[in-house]
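A.B. asks: Dropping the structure in here first, questions after.
Residue numbers (the working numbering): 11 to 255.
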């Protein structure tokens, strides 16, 4: 995620708001059904204070929702006695770094001392979430980023002989390798003959994952899980598999 994962890797707090609570006006659209803006700060209290200013209806954002004003700081000092914390077993299996697992274990012990109740839950379709995300996000990105062709938005290549060259040179210079990879994947899954096999199937998988969370939250108040399977990588390290992140 563009909020939770960077915050985790930098040792700070990140809050991904409910979809539509914070305006996305002014942001570069990447994957419209996923994109959200949210605070990153040193503490949860700082995030709450920022949310008090950020959360409001914005008619310039078609996804913005009208809702009553909330005070996100109101429960900061509330007791955790009796709070049910769900631990999804699927998040603690193969692939989770021992260092990350140990950090979660320490958090669990702190929560217990503060009176929280730890509940074992299951999110059975967890393993399907990453492939579904990559199909859906890439499909939406290939559409949203098509506007950056050098005509009206962003960078324009300095050298080109015709309109087609301007398009190709601009996009070759302006997009990084990971963005190009996702645009190619998105174009492929939206192409004739593959739309039903990939895109529609990924939408169904997303609904299954969402249903898992809704069912789990009937058993607990919050869900505790690692943000990423590994700690922050070294700056000089290179990983050719973005899914591992």
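Heads up, the beta-carbon is just placed ideally off N, CA and C, and yes, glycines get one too. All values derive from a computational prediction rather than experimental measurement.
#1: Going by DSSP, which residues form a beta bridge with residue 50?
#2: Identify the continuous beta strand (DSSP E) that holds residue 145 and give its terminal residues.
#3: If you check the beta carbons only, do residue 176 and residue 160 fall under 7 Å apart?
#4: Does the region 51-66 come close enough to the region 75-82 that 3 or more CB-CB pairs lie under 8 Å?
#5: Would you tell me roughly how many angstroms separate the C-alpha atoms of residue 339 and residue 220, rounded to the nearest one?
#6: Suppose contacts are defined by Cβ-Cβ distances below 7 Å. Is residue 86 in contact with residue 124 by that definition?
#7: Check whether the region 148-163 and the region 106-119 touch, using three or more Cβ-Cβ pairs below 8 Å as the test.
#8: When DSSP builds the beta bridges, which residues end up paired with residue 96?
#9: Would you list the residues sitting across from residue 65 in a DSSP beta bridge?
#10: Straight-line CA distance for residue 257 to residue 198?
#11: When the Cα of residue 170 is compared with those of 180, 141 and 20, which residue comes out closest?
#12: If I follow the unbroken alpha helix (DSSP H) through residue 175, where does it start and stop?
#13: My output table needs one value for residue 245: the three-state DSSP class, helix, strand or coil.
#14: Is residue 103 helix, strand or coil by DSSP?
#15: For residue 149, count neighbouring Cβ atoms within 10 angstroms of its own Cβ and tell me buried if that reaches 16, exposed if not.
#16: My assumption, with CB atoms under 8 Å, is that residue 95 sits in contact with residue 230. Please give the rounded CB distance.
#17: Quick one: give me the first and last residue of the alpha helix (DSSP H) that residue 191 is part of.
#18: What does the alpha-carbon distance come out to for the pair residue 184 and residue 128?
#19: Whole angstroms is fine: what's the gap from residue 212's alpha carbon to residue 165's?
#20: Out of 122, 194 and 234, which one is the CA nearest neighbour of residue 146?
#21: Between residue 73 and residue 54, how many whole angstroms is the CB-CB distance? I'm expecting something under 8 Å.
#22: Taking the straight line between their C-alpha atoms, what separation do you get for residue 50 and residue 167?
#23: Would you kindly report the start and end of the unbroken alpha helix (DSSP H) that includes residue 119?
#24: Just how far apart, CA to CA, sit residue 52 and residue 172?
C.D. replies: Looking at the coordinates:
#1: 24
#2: From DSSP, residue 145 is part of no beta strand (DSSP E) but of the alpha helix (DSSP H) over 139-154.
#3: yes
#4: yes
#5: Nothing about residue 339 can be read from this structure; the chain reaches only from 11 to 255.
#6: no
#7: no
#8: 129 and 233
#9: 32
#10: The question about residue 257 has no answer, for the chain in this structure spans 11 to 255.
#11: 180
#12: 173-184
#13: coil
#14: coil
#15: buried
#16: 6 Å
#17: 187-200
#18: 48 Å
#19: 32 Å
#20: 194
#21: Actually they do not touch by this definition, with Cβ atoms about 25 Å apart.
#22: 34 Å
#23: 108-123
#24: 50 Å
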